[in-house]
Structures are given as C-alpha cells and as structure tokens.
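Asker: Taken in sequence, the protein lines are chains V and L.
Residue numbers for the first sequence follow this note's numbering, so the first one is 188 and each next one is one higher.
Residue numbers for the second sequence follow this note's numbering, so the first one is 167 and each next one is one higher.
Below you'll find the structure I mean.
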Amino acid sequence: MALGTALSRPAQLDSCEGVLRGGLLRRRAELRKSWRHLMPSDCLESLGVFAKEVESFLSRVDAFRDWRFAAAFTWLNCNASFMDCLGAIALARDIEHRPSNTGPAGLSLVSFNKLASNQRSEILCDRYRCPLNIGLPSESDVAEELLRQLMVTDRTKLEEEVEFDVDMVLLKLNLVGVRAMITRDLRFLDALNYFYELPRRSLARMRTNPRFLASWLCIYAQLLGAPEW
Amino acid sequence: MRVAVIAGSLKAGMRIAREIENIAGVDIFVVVCNVRMKSLLQRWSREFLSALTSPSCWTLATKGCSYAQQGKLIILSGPLDDATSIQRLRSLQCDVGLHAANVIYREPTISAFRVGILNAHIGILPRYRGRCVVEWSVLQRDPTGVTVFFIDPGIDTGNRIVLREVIPSNGWKRVEALKNMLFECDARLYRKALEALMQPGVQFEANDISKGRRYYVMSKVFKQIVNEILTERANLA
Numbered sequence: 188m189a190l191g192t193a194l195s196r197p198a199q200l201d202s203c204e205g206v207l208r209g210g211l212l213r214r215r216a217e218l219r220k221s222w223r224h225l226m227p228s229d230c231l232e233s234l235g236v237f238a239k240e241v242e243s244f245l246s247r248v249d250a251f252r253d254w255r256f257a258a259a260f261t262w263l264n265c266n267a268s269f270m271d272c273l274g275a276i277a278l279a280r281d282i283e284h285r286p287s288n289t290g291p292a293g294l295s296l297v298s299f300n301k302l303a304s305n306q307r308s309e310i311l312c313d314r315y316r317c318p319l320n321i322g323l324p325s326e327s328d329v330a331e332e333l334l335r336q337l338m339v340t341d342r343t344k345l346e347e348e349v350e351f352d353v354d355m356v357l358l359k360l361n362l363v364g365v366r367a368m369i370t371r372d373l374r375f376l377d378a379l380n381y382f383y384e385l386p387r388r389s390l391a392r393m394r395t396n397p398r399f400l401a402s403w404l405c406i407y408a409q410l411l412g413a414p415e416w
Numbered sequence: 167m168r169v170a171v172i173a174g175s176l177k178a179g180m181r182i183a184r185e186i187e188n189i190a191g192v193d194i195f196v197v198v199c200n201v202r203m204k205s206l207l208q209r210w211s212r213e214f215l216s217a218l219t220s221p222s223c224w225t226l227a228t229k230g231c232s233y234a235q236q237g238k239l240i241i242l243s244g245p246l247d248d249a250t251s252i253q254r255l256r257s258l259q260c261d262v263g264l265h266a267a268n269v270i271y272r273e274p275t276i277s278a279f280r281v282g283i284l285n286a287h288i289g290i291l292p293r294y295r296g297r298c299v300v301e302w303s304v305l306q307r308d309p310t311g312v313t314v315f316f317i318d319p320g321i322d323t324g325n326r327i328v329l330r331e332v333i334p335s336n337g338w339k340r341v342e343a344l345k346n347m348l349f350e351c352d353a354r355l356y357r358k359a360l361e362a363l364m365q366p367g368v369q370f371e372a373n374d375i376s377k378g379r380r381y382y383v384m385s386k387v388f389k390q391i392v393n394e395i396l397t398e399r400a401n402l403a
C-alpha cells in the first residue's frame with residue numbers, strides 16, 4: 188500500500204467521525220434552545236415533581252449516560268413500573284435492575300400487529316418493563332418492526348398532518364431511542380432526528396402525553412451527546 | 167430474449183432501450199406506465215415538455231415513432247397491477263422486465279415475466295436495502311455502488327443478484343448529484359446484466375438479507391452531515 192493511501196484512510200475515518208459528532212452536537216444545541224416550543228410551560232408543569240428535573244436536563248450541556256452495558260445481559264428484570272423505569276433512563280439516573288439468564292418467549296410480530304393499539308401498548312410496556320431490554324440482541328426483530336412502523340406508516344401520517352395515535356407513536360419513539368442508546372445503530376437515532384424535524388403542528392399533538400413526550404426529548408438529548416457512533 | 171423496459175416516461179424508457187437494443191438476440195419493448203394516474207392531457211404534456219428539454223429530442227421522437235410502428239411501444243392507461251395491464255404485459259411474452267418506473271411491483275406483475283424483473287438498486291446488496299442507501303453508505307463509510315437483482319414483492323429482498331458494481335463516491339460533494347450519477351448507471355448495468363443472463367449456465371448470487379439491514383428515508387440533519395462528509399473527502403483528495 189502506498190504511504191499516501193495508508194495515511195489518508197484513517198484520516199478520512201477520523202474526519203467522518205468528527206463531522207458526525209459535530210452535526211449531532213449542533214442539533215443538541217438547537218434542541219437545548221427549542222425544546223420549549225415542543226413542551227411549553229403548561230405541558231412541563233403537568234409533569235409535577237419531574238418538571239424541574241426535565242427542564243434542567245434538557246437545558247444542560249452534558250446530559251448523557253452510557254447505557255451500552257445492558258447489551259451484555261440476556262434479560263433485565265426490575266421492580267419499578269415501565270413509566271418509572273423509562274423516566275429514570277431518560278433522565279440518566281440509576282435504575283434498579285436484576286440480570287436474568289432467561290428472557291420471555293419471543294414476541295410473534297404477526298399476532299402483535301393484529302392487536303388493537305391499546306393491547307399492543309400494554310404488551311410493549313409489560314415486556315419492556317425494564318426498557319433497556321429493547322436494546323438486547325434477542326429483541327432485534329421487535330425493534331426493527333417498531334422502527335419500520337415509525338418510519339413508514341407513522342411518519343407519513345405526521346407529515347400529512349392527519350390524526351395519529353399519539354401514545355403509541357411516543358411509546359415507539361422512546362423504545363427506539365433506548366435501542367439506539369444501547370446499540371449505537373444510527374438508523375434508530377435517525378428515527379428520532381426525523382420525527383423531531385416533522386411539522387410542529389403534528390408534534391404539538393404529542394403534548395397530550397407529557398410524560399412520554401418529556402422522556403422522548405430527554406432520550407434524544409442523550410443520544411445527541413453520545414460519543415462513538 | 168424478449169425484454170420489456172417498464173418506464174415511468176417515454177424518455178426514461180427510450181434511454182434504456184437505446185443502450186440495450188444492439189445486444190444480439192434481444193428483442194425490446196418499451197412499456198410506459200401511468201405512474202401517478204394522471205389524466206391523458208397532463209400525462210402527454212409532461213412527456214412533450216420532457217422531450218423538448220432533452221438534448222436528444224429529435225432522436226427520442228424518431229425512436230419513439232419507430233418503436234410505436236413496430237408495436238413495441240406500449241402505453242398503459244391503468245395502474246401497472248391492474249388486471250388489464252397485467253394481461254397486456256403477459257401478452258408480450260417477455261423473459262425479463264427492466265425496472266425504470268417509480269412503482270411497487272406486486273406478484274402478478276412480476277410473474278408476467280418468465281424470468282423476472284430486474285432492478286438497478288443504487289446500493290450494495292445485501293447490506294443496504296430500502297431508501298436513502300447512498301446517504302447511509304456514505305455516513306457509515308461503506309462503498310457506494312449499484313446492484314442489479316431480480317425483484318420480489320418485498321423491499322429489495324429479491325433473492326437473485328445478477329451483478330454488483332462498486333462505484334466510488336470520491337469527488338462528489340453533494341449527495342443528490344452522486345445519486346443522479348448512480349441512477350444514470352442503470353442502462354449500462356442493465357446491458358451488462360442482460361449479457362450475463364444470456365451466457366450459458368448463468369449463476370446468481372443469493373441476496374442474503376440476514377447480512378444486511380433495511381434503511382429508511384434520512385433526516386435533514388443526517389443528510390447535511392453526509393454532504394459535509396462528501397465535501398471534506400473531496401477536499402482531502
């Protein structure tokens with residue numbers, strides 16, 4: 188290999204990483220300034236005791252925690268509820284979890300997709316009571332399906348500014364975001380980028396579920412600050 | 167071998183037909199689909215304007231007339247997967263279809279061709295399936311290029327890959343320009359693919375989807391990053 192080639196390739200790789208990191212940090216800075224448009228005061232206040240913490244988290248520069256340790260486990264059990272666990276992950280707090288050598292049986296996507304929205308939501312919240320589990324290798328098919336749904340059907344509805352299932356879309360965005368934090372799969376991060384860029388009128392509808400909206404924005408903030416993509 | 171170019175416009179169809187019409191043993195038809203189900207007036211005024219702006223306007227017109235006179239130019243008025251359109255396609259008794267229209271193919275359309283429909287996908291299969299694969303390849307520092315494969319009703323999941331060509335992104339500063347260049351490789355690569363198919367004992371490479379991922383439309387922030395990567399690379403070179 189010529190010396191020039193040998194030197195230029197790592198330099199190109201470094202420069203790619205630098206450009207990506209720079210772009211993500213620019214978006215992070217933008218989110219720090221603009222999150223209040225998505226979550227105005229009344230919506231933030233409806234979070235009660237979490238309001239201050241969410242506000243401080245989204246306004247911070249260093250809001251990040253490395254969750255990649257989770258990928259090493261077969262399954263994680265926890266006593267806290269799905270919402271509490273998701274809230275803790277979103278705010279980069281410690282979460283109580285117990286590793287297990289066995290996980291639940293695989294989820295049949297055919298049957299899952301035939302269920303009503305509230306049933307699907309229940310199944311996802313139950314299965315991912317510890318939301319870190321969505322990042323495990325065994326959950327790849329479920330995660331891919333959630334990503335597909337977001338980026339094909341849900342995305343179209345939000346782009347066209349028609350009615351959509353706010354709770355379900357936010358649940359998927361949260362789970363897809365957690366998967367991105369653990370796997371560093373850029374496609375999962377980009378789903379959050381994409382939804383953040385959708386018409387504000389569609390995003391404003393998400394205020395009907397302030398807790399899910401807040402956790403989505405906090406997870407997004409962590410992803411944008413994450414190194415090593 | 168009987169081949170039909172399935173095109174979204176006369177111009178697109180004729181561009182590919184011209185590239186492959188000199189292959190010995192190939193009999194070509196051009197099938198123009200009504201992609202967005204436009205009215206007759208809308209459709210033909212669009213075709214007319216497109217032809218007028220083409221530098222090879224006269225060649226396009228004469229070629230189009232020549233194909234029409236030979237009964238080799240088929241204009242579909244209904245959707246491609248409509249029973250009448252499928253019947254018309256079947257009647258051509260083609261071996262291979264060449265995808266050049268912005269349509270999704272359903273099973274009855276695909277099976278109207280004896281061997282199948284080829285697609286020149288602007289990404290390297292099996293690794294990059296779906297949308298914005300050029301952008302994703304650049305972002306993930308993987309090679310860019312085109313894969314010619316036989317489609318199935320899934321998203322770039324057809325199992326038979328005929329050929330794959332790595333076409334570097336070096337020197338391109340904007341991803342849209344890079345994509346246009348890759349799209350325009352279709353005629354040349356269809357030619358190569360047809361020539362390969364006409365060889366005795368042709369073998370296909372399996373499109374093992376477990377070795378790749380499906381990609382989706384890319385966000386604005388990532389597209390900007392991709393353009394910055396391309397610019398930086400071009401400046402480094």
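C-beta: ideal position from N, C-alpha, C; glycine also.
This one's a predicted model, so the numbers in the text were calculated from it and none came from an experiment.
1. Using a cut-off of 9 Å between C-beta atoms, extract the partners of L:Tyr294 located in chain V.
2. Can you tell me where the beta strand (DSSP E) holding L:Ile327 begins and where it ends?
3. Using alpha carbons as the reference points, say which of V:Arg398, V:Asn361 and V:Ala238 lies closest to V:Leu410.
4. With 8 Å set as the bound, which would you pick, yes or no: does the beta-carbon of L:Leu305 sit closer than that to a beta-carbon of chain V?
5. The beta strand (DSSP E) with L:Thr313 in it runs from where to where?
6. Taking the alpha-carbon of L:Val262 as reference, which of L:Tyr381, L:Asp193 and L:Glu350 has the nearest alpha-carbon?
7. Measure the C-alpha to C-alpha separation of L:Ile391 and V:Arg366 and round it to an integer number of angstroms.
8. Quick one: does L:Lys386 have its CB under 8 Å from some CB of chain V?
9. Output yes or no for whether 8 Å exceeds the beta carbon distance between L:Ile333 and L:Val299.
10. Can you name the residues of chain L whose CB is closer than 9 Å to the CB of V:Gly210?
11. Tell me whether the beta-carbon of L:Ile182 lies closer than 8 Å to the beta-carbon of L:Ala353.
12. Under 7 Å Cβ-Cβ, which residues of chain V neighbour L:Glu398?
13. Is there a C-beta anywhere in chain L that falls below 8 Å from the one on V:Glu384?
14. Taking the alpha carbon of L:Ala359 as the point to measure from, which residue in L:Asn336, L:Leu264 and L:Val198 has its own alpha carbon closest?
15. Could you give the first and the last residue of the continuous beta strand (DSSP E) run that contains L:Asp193?
16. Give me the DSSP bridge partner(s) of L:Tyr381.
17. In terms of residue numbering, what span does the beta strand (DSSP E) encompassing V:Trp262 cover?
18. Just list the residues that DSSP pairs L:Gly282 with in beta bridges.
19. How would you call L:Cys223, buried or exposed, if buried means at least 16 neighbouring beta carbons within 10 angstroms?
20. Are the region 224 to 242 of chain V and the region 288 to 308 of chain V touching, with three or more C-beta to C-beta distances below 8 Å?
21. By Cβ distance, which residues of its chain are closer than 6 Å to V:Cys317, with the 5 residues on each side in sequence left out?
22. Mind pulling the chain V residues with CB within less than 8 Å of L:Leu344?
23. Just the C-alpha distance for L:Arg380 and L:Glu331, rounded to the nearest angstrom, thanks.
24. So, are the CB atoms of L:Leu242 and L:Arg256 less than 8 Å apart?
25. Given a threshold of 16 other Cβ atoms within 10 Å of its Cβ, counted over all protein chains shown, does V:His224 qualify as buried or as exposed?
26. Taking the CB atoms as reference points, tell me whether L:Val169 and L:Cys260 lie closer together than 8 Å.
27. Cα separation between L:Ile288 and L:Trp302?
28. For L:Met167, which of L:Leu396, L:Arg280, L:Asn401 and L:Leu348 has the nearest alpha-carbon?
29. Taking only the alpha-carbon atoms, compute the straight-line gap between V:Tyr417 and V:Tyr407 and give it to the nearest angstrom.
30. Decide yes or no for the touch test of the region 394 to 401 of chain V against the region 204 to 212 of chain V: beta carbon pairs closer than 8 Å, at least 3 of them.
31. Straight-line CA distance for L:Ala190 to L:Leu363?
32. Please name the residues in the region 368 to 383 of chain L whose beta-carbon is closer than 9 Å to at least one beta-carbon of chain V, in chain order.
33. Between the region 355 to 387 of chain V and chain L, which residues of the former have a C-beta closer than 7 Å to a C-beta of the latter?
34. Mind reading off the beta-carbon distance from L:Leu355 to L:Ala266? Whole number of angstroms is fine, and I expect it under 8 Å.
35. Using a C-beta cutoff of 8 Å, does V:Arg394 count as contacting chain L?
36. Mapping the DSSP letters down to three states, classify L:Pro366 as helix, strand or coil.
Answerer: In brief:
1. Simply none; closest approach about 11 Å.
2. Per DSSP, the continuous beta strand (DSSP E) segment holding L:Ile327 begins and ends at Arg326 to Val332.
3. That would be V:Asn361, whose Cα lies nearest to the Cα of V:Leu410.
4. So, interface residue.
5. Residues Gly311 to Phe316.
6. Of the listed residues, the one whose Cα sits closest to L:Val262 is L:Asp193.
7. Those two C-alpha atoms are separated by around 22 Å.
8. Chain V contact via Cβ: present.
9. No; because the gap between Cβ atoms is not below 8 Å, this pair is not in contact.
10. For V:Gly210, the neighbours in chain L by C-beta distance under 9 Å run, in chain order, Val387, Phe388, Gln390, Ile391 and Glu394.
11. Yes, these two residues count as a Cβ contact at 8 Å.
12. Listed along the chain, the chain V residues whose CB falls inside 7 Å of the CB of L:Glu398 are Ser202 and Val206.
13. Contacts with chain L at 8 Å (Cβ-Cβ) include V:Glu384.
14. Of the listed residues, the one whose Cα sits closest to L:Ala359 is L:Leu264.
15. Following the DSSP letters along the chain, one finds L:Asp193 inside the beta strand (DSSP E) bounded by residues Asp193 to Val198.
16. L:Tyr381 pairs with L:Gly296.
17. Trp262 to Asn264 is the extent of the beta strand (DSSP E) around V:Trp262.
18. Beta-bridge pairing links L:Gly282 to L:Val262.
19. So L:Cys223 ends up on the exposed side.
20. Short answer: they don't touch.
21. Contacts found: Leu263, Cys265, Cys272 and His284.
22. Close to L:Leu344, with beta-carbon spacing below 8 Å, lies no residue of chain V; the smallest spacing is near 15 Å.
23. Their backbone Cα atoms lie some 20 Å apart in a straight line.
24. No. Outside cutoff.
25. Exposure of V:His224 is indicated by the presence of fewer than 16 other C-beta atoms within 10 angstroms of its C-beta.
26. Contact flag set, yes.
27. If you draw a straight line from the Cα of L:Ile288 to the Cα of L:Trp302, it is about 11 Å long.
28. Of the listed residues, the one whose Cα sits closest to L:Met167 is L:Arg280.
29. Nothing about residue 417 of chain V can be reported from this structure: the residues present for chain V run from 188 to 416 only.
30. The region 394 to 401 of chain V is not in contact with the region 204 to 212 of chain V.
31. So the alpha carbons of these two residues sit roughly 13 Å apart.
32. Correct list: Arg379, Arg380, Tyr381, Tyr382 and Val383.
33. Flagged, chain order: Leu373, Arg374, Asp377, Asn380, Tyr381 and Glu384.
34. Incorrect: roughly 12 Å between the Cβ atoms, too far for contact.
35. No, no contact with chain L.
36. L:Pro366 falls in the coil class under three-state DSSP.
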